[in-house]
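Numbering (the numbering used here), first residue to last: 22 to 238. What follows is one structure encoded as structure tokens, with my remarks underneath.
Following this line, the structure appears as structure tokens:
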């Protein structure tokens with residue numbers, strides 16, 4: 022059974038609705054969703070080559086529709102998975118299509134960038150609303166990828182307490198996600214160093230060294 026990736030924006034909501042009415046889901050939609058999921062899996066485990074290939078295929082399948090709003094969702098998913106791994110590079114792929122994206126997608130993009138507005142909260146995926154308003158912790162988010170994304174947004178906004186970073190480390194570790202685990206351990210080590218806890222920083226570095234042979238490539 023496939024993991025219910027929370028960051029995966031449904032690429033063909035209209036097609037899925039048609040399926041509920043007894044109509045066949047278009048092949049492009051099935052293919053695109055599969056490629057998006059495989060991209061996410063490969064990226065998180067640190068396999069850049071497979072991730073790049075699966076992303077290109079997801080984008081190509083979606084582009085067959087000639088709908089920039091759907092392609093924008095594929096790009097937004099890539100941004101979300103990168104943010105979960107503390108890659109805060111600009112979301113240029115989505116930005117190029119933002120004018121044709123829906124307002125919920127634009128709101129989510131602003132949230133990922135740490136620039137969410139008050140009006141954006143109601144448009145965000147439900148699991149992110151409490152974090153966006155500062156009224157809830159990441160520990161209440163059940164989906165592990167959504168939990169990492171929320172923690173990363175807090176870190177980006179300089180609001181992530183040590184327990185948030187620890188929760189992100191545990192989440193990535195439990196899932197065996199090498200790329201975000203290395204990134205979050207790095208953040209945890211820096212926090213320990215800033216507190217003057219050299220013993221803790223050294224312990225974290227040992228964990229990072231253990232992961233290093235399997236580091237993202």
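A virtual CB, placed ideally from N, CA and C, is assigned to each residue, including glycine.
Three-state secondary structure (DSSP) at residue i?
i	result
residue 40	With a pLDDT of 45 at residue 40, under the threshold of 50, the predicted position of this residue should be treated as unreliable, and no value is reported.
residue 56	helix
residue 46	coil
residue 76	helix
residue 224	helix
residue 121	helix
Less than 9 Å between the beta carbons of residue i and residue j, yes or no?
i	j	result
residue 166	residue 153	no
residue 139	residue 127	no
residue 104	residue 170	yes
residue 209	residue 232	no
residue 137	residue 115	no
Taking the alpha helix (DSSP H) that residue i falls in, what are its first and last residues?
i	result
residue 149	147-153
residue 205	199-215
residue 138	Where residue 138 is concerned, there is no enclosing alpha helix (DSSP H), given that its DSSP letter is neither H nor E.
residue 305	This structure does not reach residue 305, given that the chain is present from 22 up to 238, and the question cannot be answered.
residue 100	89-105
residue 113	113-116
residue 186	183-196
Apart from the five residues on each side of it in sequence, which residues of its chain come closer than 6 Å, Cβ to Cβ, to residue i?
i	result
residue 78	56
residue 125	144
residue 148	162 and 167
residue 53	32, 79, 82 and 83
Which same chain residues, not among the five before or five after residue i, have their C-beta less than 7 Å away from its C-beta?
i	result
residue 63	71, 72 and 75
Three-pair Cβ contact test at 8 Å for the segment 107-121 versus the segment 198-209: Result yes; three or more Cβ-Cβ pairs closer than 8 Å.
Three or more C-beta pairs below 8 Å linking the segment 209-224 and the segment 192-200: Contact annotation: the segment 209-224 does not touch the segment 192-200, with fewer than three C-beta pairs closer than 8 Å.
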